[in-house]
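Accompanying notes for the structure given below.
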Amino acid sequence: MLRVRRRDYGGEVIAPPASDSGGHRPRPGWCVVGVLPSGGIGAVDVSADGQTGDPVELSHEELSTYVSDRETTHPPRWVWSDTAHWLPSLLTDGVTVARCHDLRLCHAILARSEYTGTRQALVAADEWRRDFEEPEVAAPAATLFDLEVESADRVTVPDGLGAALDEFARQRAALASSGGEARRLRILLAAESAGALIAAEMRSAGLPWSASEHDRLLSEALGPRPATGTKPSAMVELATRVEEALGVRGLSIDSAPKLLQALRRAGIDVHSTSQWELMEHEHPAIAPLLQYKKLARLLSANGWAWIDEWVRDGRYRPVYVPGGVVTGRWASSGGGALQIPRRLRPAIRADEGWTFVSADVAQLEPRVLAAMSGDRAMAVAGQGKDLYAGIVESGAVQSREEAKLAVLGAMYGSTTGDAGRLVPRLRRIYPNAMRMVDEAASAGERGGVVSTWLGRSSPEPGPEWADLQARAQGNSATSADETRARRAARDFGRFTRNFIVQGTAAEWALAWMADLRLRLARLPETGGVHAPASGPAFARRAHLAFFLHDEVIVHAPLDQAKAAAAAIQDAAAAAGELLFGKTPVEFALEVSVADTASK
DNA sequence: CCGCCCGGCGCG
DNA sequence: AAAGCGCGCCGGGCGG
Numbered sequence: 020m021l022r023v024r025r026r027d028y029g030g031e032v033i034a035p036p037a038s039d040s041g042g043h044r045p046r047p048g049w050c051v052v053g054v055l056p057s058g059g060i061g062a063v064d065v066s067a068d069g070q071t072g073d074p075v076e077l078s079h080e081e082l083s084t085y086v087s088d089r090e091t092t093h094p095p096r097w098v099w100s101d102t103a104h105w106l107p108s109l110l111t112d113g114v115t116v117a118r119c120h121d122l123r124l125c126h127a128i129l130a131r132s133e134y135t136g137t138r139q140a141l142v143a144a145d146e147w148r149r150d151f152e153e154p155e156v157a158a159p160a161a162t163l164f165d166l167e168v169e170s171a172d173r174v175t176v177p178d179g180l181g182a183a184l185d186e187f188a189r190q191r192a193a194l195a196s197s198g199g200e201a202r203r204l205r206i207l208l209a210a211e212s213a214g215a216l217i218a219a220e221m222r223s224a225g226l227p228w229s230a231s232e233h234d235r236l237l238s239e240a241l242g243p244r245p246a247t248g249t250k251p252s253a254m255v256e257l258a259t260r261v262e263e264a265l266g267v268r269g270l271s272i273d274s275a276p277k278l279l280q281a282l283r284r285a286g287i288d289v290h291s292t293s294q295w296e297l298m299e300h301e302h303p304a305i306a307p308l309l310q311y312k313k314l315a316r317l318l319s320a321n322g323w324a325w326i327d328e329w330v331r332d333g334r335y336r337p338v339y340v341p342g343g344v345v346t347g348r349w350a351s352s353g354g355g356a357l358q359i360p361r362r363l364r365p366a367i368r369a370d371e372g373w374t375f376v377s378a379d380v381a382q383l384e385p386r387v388l389a390a391m392s393g394d395r396a397m398a399v400a401g402q403g404k405d406l407y408a409g410i411v412e413s414g415a416v417q418s419r420e421e422a423k424l425a426v427l428g429a430m431y432g433s434t435t436g437d438a439g440r441l442v443p444r445l446r447r448i449y450p451n452a453m454r455m456v457d458e459a460a461s462a463g464e465r466g467g468v469v470s471t472w473l474g475r476s477s478p479e480p481g482p483e484w485a486d487l488q489a490r491a492q493g494n495s496a497t498s499a500d501e502t503r504a505r506r507a508a509r510d511f512g513r514f515t516r517n518f519i520v521q522g523t524a525a526e527w528a529l530a531w532m533a534d535l536r537l538r539l540a541r542l543p544e545t546g547g548v549h550a551p552a553s554g555p556a557f558a559r560r561a562h563l564a565f566f567l568h569d570e571v572i573v574h575a576p577l578d579q580a581k582a583a584a585a586a587i588q589d590a591a592a593a594a595g596e597l598l599f600g601k602t603p604v605e606f607a608l609e610v611s612v613a614d615t616a617s618k
């Protein structure tokens, strides 16, 4: 825990003494934090009308105390350059913040959004246009091997107080010029920033991971852990069976070109070694080869080396990258956090005295589409049930499988195959929903920009795309030019078609998690023998442990599981209302409580 | 020898 | 070699 000398930071001016004896909570202001020229940290309050208070100077050690004190009375919204930069050290000191405004992430949204009134000043401030950087690991004094040299020339967003104040002012001005769309943008910025808090908190808490269960699952599939550099026994055996079936010896089964050659020599007419193509053929080599590929994938992506690299003290700590995908979805870096194979889910194991409350949204994307397009028929199809079942009931298609194929086809822009055949039926029964995605596609085909419900806008096509279109329009255009241009136009149309749905679903999920996080924060800290002795405050009660596009896993003390499940449900309802107001669309959750995350 | 591309496959 | 969106990671293979 943090133990620092208290310094007089003018607390009575900035943080009035707590007289908070119940319900009343004034609208919190903003507190901008940044590095001062002196090397210390400055904190400045900014009021709703843009007035700035006197800066407070703090040492790095004092920042945690300062933040913690203000969080206990009337927490401001902390404004800082980059949550991944500022939050980890606070969490290390046991300090949690309720809300923040992440200047880097908000800049990215506002500088590109169609809803932003005046963007020029933001676009010009391109020092704020930076991709995510790995959070700096608090360097424990000087070490023998200086790892910091590497990070010295990293280009990140500015961390100075002056720069933060300037950028915050630009963003506020941009919002002020956004007229009726400012409300949506404000919600989006708050949700995006909450996501940044959650990402850092989840990394700090880690996902409870049982290395022994993981090892057991690996051994079950692959045989016992082999010596480094040698293949597991199950793979060796399967490779031998493939060789025998193909009638070759010394096959380099891991080399796609060599494997392809061997397959073709054995009379299997394949053009690649991918599993979907192999499955189309009858040959004794196919089954063991497919099984070999499954195991090879498991070993290379999530084998014993993965455990060694990523699991420490019973926790897997991936780096989540909020806003890492253009649509607003999160990305991840390190360990493939968003691609953990389902067969390894049993290794996600709750601590003693704790359990998991897992929830995922059933058919989030079509529900979001129904809400944003105001398609009543599609909303009704999802009421009180599986949305695909509702579509079958509507008579548009025969089976649940067809319904799913048709809906995915509608959102991804299928034109051929079974999906392409089914989509027109949806167009008749759900005209509003389909018009919305069709118009997004047509905007993209013209090289235009589309936006999500809250105002995250799509990137424009690159210069090569425009060149392609221009060439096809020119006098000397060949039919090949035209074909290529049309293909590129359609490709981009499918991207924008999907963008509005995937992006709005991501917004709903952020709103869901942001609300859930604050609900969980109101639960009491857990006591008893299983209470963690240290670590951030939020991890001493039910807290978010994992997030994957439309599902969350909450790690909860046993006696808080019920409350956590209720919070998840309530947060989903709140997210739907925050985004869409009163809507007939239901966001149906599947919630389960279990010691592992397997389903 | 290194960096990059790409096939292949895991997730939604 | 996917039809039909968005990702990250791995290993092989190739160019420099």
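If you read the first sequence in the working numbering, its first letter stands for residue 20, the second for the next number, and so on. Yeah, the Cβ is synthetic: ideal placement off N, Cα and C, and Gly gets one too. Please read these numbers as outputs of a predicted model, since none were measured by experiment.
Candidates the options, of which the one nearest residue i by Cα
{"i": "Phe599", "options": "Leu563, Val469, Ala398", "result": "Ala398"}
{"i": "Arg538", "options": "Ala552, Pro478, Gly546, Lys581", "result": "Lys581"}
{"i": "Ala583", "options": "Ala552, Leu567, Asp534", "result": "Asp534"}
{"i": "Val174", "options": "Asp101, Ala210, Asp185, Gly466", "result": "Asp101"}
{"i": "Ala144", "options": "Phe151, Pro303, Leu122", "result": "Leu122"}
{"i": "Ser293", "options": "Gln310, Ala285, Gln70, Glu384", "result": "Gln310"}
{"i": "Trp49", "options": "Glu76, Gly59, Gln382, Ala67", "result": "Ala67"}
{"i": "Ser238", "options": "Trp323, Ala182, Ile305, Met298", "result": "Trp323"}
{"i": "Ser291", "options": "Leu318, Pro303, Cys125, Pro276", "result": "Pro276"}
{"i": "Ala182", "options": "Arg541, Trp147, Leu270", "result": "Trp147"}
{"i": "Asp370", "options": "Val338, Ala381, Asp332, Ile359", "result": "Asp332"}
{"i": "Trp325", "options": "Gly393, Leu278, His233, Gln190", "result": "His233"}
Residue i to residue j span [Cα, whole Å]
{"i": "Asp486", "j": "Thr515", "result": "19 Å"}
{"i": "Ala281", "j": "Thr615", "result": "43 Å"}
{"i": "Tyr449", "j": "Ala396", "result": "6 Å"}
{"i": "Asp589", "j": "Asp88", "result": "29 Å"}
{"i": "Gln402", "j": "Gly409", "result": "8 Å"}
{"i": "Leu109", "j": "Ala556", "result": "11 Å"}
{"i": "Leu658", "j": "Arg368", "result": "Past the boundaries of the shown model lies residue 658; the chain is included only from 20 to 618, so the question cannot be answered."}
{"i": "Asp630", "j": "Glu186", "result": "Beyond the ends of the chain as shown, which are 20 and 618, falls residue 630; an answer cannot be given."}
{"i": "Arg283", "j": "Gly266", "result": "12 Å"}
{"i": "Pro603", "j": "Ala591", "result": "14 Å"}
{"i": "Ala613", "j": "His574", "result": "10 Å"}
{"i": "Gly546", "j": "Ala552", "result": "10 Å"}
{"i": "Ser274", "j": "Trp99", "result": "48 Å"}
{"i": "Pro365", "j": "Trp531", "result": "25 Å"}
{"i": "Glu526", "j": "Ile60", "result": "33 Å"}
{"i": "Ser611", "j": "Ala378", "result": "6 Å"}
{"i": "Phe151", "j": "Gln417", "result": "46 Å"}
{"i": "Lys90", "j": "Val116", "result": "Strictly speaking, residue 90 in this sequence is Glu, with Lys absent from that position. Each residue's alpha carbon lies about 6 Å from the other."}
{"i": "Arg444", "j": "Lys423", "result": "13 Å"}
Which residues DSSP lists as bridging residue i, in chain order
{"i": "His562", "result": "His574"}
{"i": "Gly61", "result": "Gly53, Glu76"}
{"i": "Val604", "result": "Val604 pairs with nothing; no bridge assigned."}
{"i": "Ser476", "result": "Ser470"}
{"i": "Gly481", "result": "Answer by DSSP bridge pairing: none, since Gly481 is not bridged."}
{"i": "Val330", "result": "Tyr335"}
{"i": "Glu226", "result": "In the sequence as presented, Glu is not what sits at residue 226; that position holds Leu. Beta-bridge pairing links Leu226 to Tyr335."}
{"i": "Ser291", "result": "In the DSSP output, where bridge partners are listed per residue, Ser291 has none listed."}
Check whether residue i and residue j have beta carbons under 9 Å apart
{"i": "Ala62", "j": "Val51", "result": "yes"}
{"i": "Leu241", "j": "Thr135", "result": "no"}
{"i": "Ala400", "j": "Glu412", "result": "yes"}
{"i": "Ala508", "j": "Gln488", "result": "yes"}
{"i": "Ser352", "j": "Val344", "result": "no"}
{"i": "Ala550", "j": "Arg559", "result": "yes"}
{"i": "Leu129", "j": "Leu184", "result": "no"}
{"i": "Leu216", "j": "Arg118", "result": "yes"}
{"i": "Ala593", "j": "Arg386", "result": "no"}
{"i": "Leu314", "j": "Leu297", "result": "no"}
{"i": "Tyr335", "j": "Gly347", "result": "no"}
Where residue i falls: helix, strand or coil (DSSP)
{"i": "Tyr134", "result": "coil"}
{"i": "Phe187", "result": "helix"}
{"i": "Trp349", "result": "coil"}
{"i": "Glu296", "result": "helix"}
{"i": "Gly179", "result": "strand"}
{"i": "Gly512", "result": "helix"}
{"i": "Ala616", "result": "coil"}
{"i": "Leu461", "result": "Inspection of the sequence shows that residue 461 is occupied by Ser rather than by Leu. Note: Ser461 maps to helix in three-state DSSP."}
{"i": "Thr71", "result": "strand"}
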